[in-house]
Ligand code: SF4
Ligand code: SF4
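Residue numbers (our numbering): 943 to 1259.
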């Protein structure tokens, strides 16, 4: 049925606009090894962006009038030049997003990380897939919930997530298993109520994301014999209203070696951009036109179009 849907051309009219978001994957090293991780990140991964590639990022931002720099990984803060990159790009007056797993703030050597992020008004997007300890620790590892709460409290203390500050703290929810996320606003209200009541924690917005049936989450679904039924759920929940807002329309995703993709998911699947633009070098050799360019859609894309839709910044409709 899925193949039939793609053959029916559901995505055929979806093309790129000019890019506004540059998403940089700085490497796969992470202090956690979450069960749903779509990049297979972990403490033993050694892939890291080289300085040669990293130094091109400010020029790309400048040349393409990028509005959002989205730093991801692994744990992006573990890249030894993470802070250098922030300092080199902040002057463009763009939004800089740090996809922070929270527990990194409690790691040895990262004691001043929260202050650094606050000083540069970096927008923190932090995973917290539940307000209950057991659910978080099952998905993200033993003790992760407690460490996340400690990190959130220290961020609140600096002004993150509070009214009347410029320090934005957004949380990210993804389902524990093979289900679609519930409606984003209702869940945000519940998160706000529970985190305030139980821990006196505040945040700005909750982003609900669907789990992509790729990499570690796909392996788990296959082990549990649930891959086909989850796939069917995504097919049955296809919502055309999400097509205009797909994040791949205005995002350039760069992997740790400088290769370009339409999104982080395609990056993990090795599905490069369909046109001639393949590497960050290509962006600088001459000005490239993205408007109207095709996107590398495939089966997993139904994870972005199911129900209310899904993107790195939450639901789409
Ligand atoms: S914290 Fe993020 S990058 Fe690290 S293992 Fe978990 S999901 Fe993957
Ligand atoms: S997974 Fe597919 S639909 Fe989703 S952002 Fe990537 S290319 Fe677009």
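Each residue gets a CB set at the ideal place from its N, CA and C atoms; glycine is no exception.
On a predicted model such as this, the values are computed, not experimentally measured, just so you know.
Item, Value
"Under the three-state DSSP convention, the category residue 1213 falls into", "coil"
"DSSP state of residue 965 mapped onto helix, strand, coil", "strand"
"Rounded separation between residue 955 and residue 1239 - CA only", "11 Å"
"Close-in-space but distant-in-sequence residues of the same chain around residue 1221 (CB under 8 Å, 5 per side omitted)", "1200, 1201 and 1202"
"Straight-line gap, residue 1153 to residue 1144 (C-alpha atoms, nearest Å)", "25 Å"
"Candidates 1051, 1038, 1135 and 1177, of which the one nearest residue 1108 by Cα", "1038"
"Closest Cα partner of residue 981 within the set 1164, 1159 and 1177", "1159"
"8 Å Cβ cutoff met for residue 1217 and residue 1233", "no"
"Ligand 2 heavy atom lying under 7 Å from the CB of residue 1215", "no"
"C-beta atoms of residue 1111 and residue 1064 nearer than 8 Å", "no"
"Beta-carbon proximity of residue 968 to residue 1015, cut-off 8 Å", "yes"
"Collapsed DSSP secondary structure at residue 1012 in the structure displayed", "strand"
"Opening and closing residue of the beta strand (DSSP E) in which residue 1113 lies", "1111 to 1115"
"Exposure label - residue 1269; buried when at least 16 CB within 10 Å", "Any answer about residue 1269 is impossible in this case: the structure gives the chain only from 943 up to 1259."
"One or two residues paired with residue 1193 in a DSSP bridge", "963"
"Nearest residue (CA-CA) to residue 958, options 1242, 1227, 1036 and 1204", "1204"
"Own chain, CB closer than 8 Å to residue 943, minus 5 neighbours either side, in chain order", "Reliability of the predicted coordinates at residue 943 is poor, the pLDDT of 48 falling under 50, and the value obtained from them is presented with this limitation in mind. The residues are 1174 and 1177."
"Rounded Cβ spacing between residue 1077 and residue 1071 (contact assumed at less than 8 Å)", "7 Å"
"Proximity of residue 971 and residue 1044 at Cβ, strictly below 8 Å", "no"
"Separation of residue 1223 from residue 994, as counted between CA atoms", "10 Å"
"Any non-hydrogen atom of ligand 1 closer than 7 Å to residue 1069 Cβ", "yes"
"DSSP state of residue 1242 mapped onto helix, strand, coil", "helix"
"Residue closest to residue 1052, alpha-carbon to alpha-carbon, out of 1136, 1018, 1036 and 1034", "1018"
"Which residues DSSP lists as bridging residue 1256, in chain order", "1253"
"Any non-hydrogen atom of ligand 1 within 7 Å of residue 975 CB", "yes"
"8 Å Cβ shell around residue 1214 - same chain, five flanking residues per side excluded", "1201, 1202, 1203, 1208, 1220 and 1238"
"8 Å CB neighbourhood of residue 1118 in its chain, flanking five on each side removed", "1071, 1072, 1077, 1080 and 1081"
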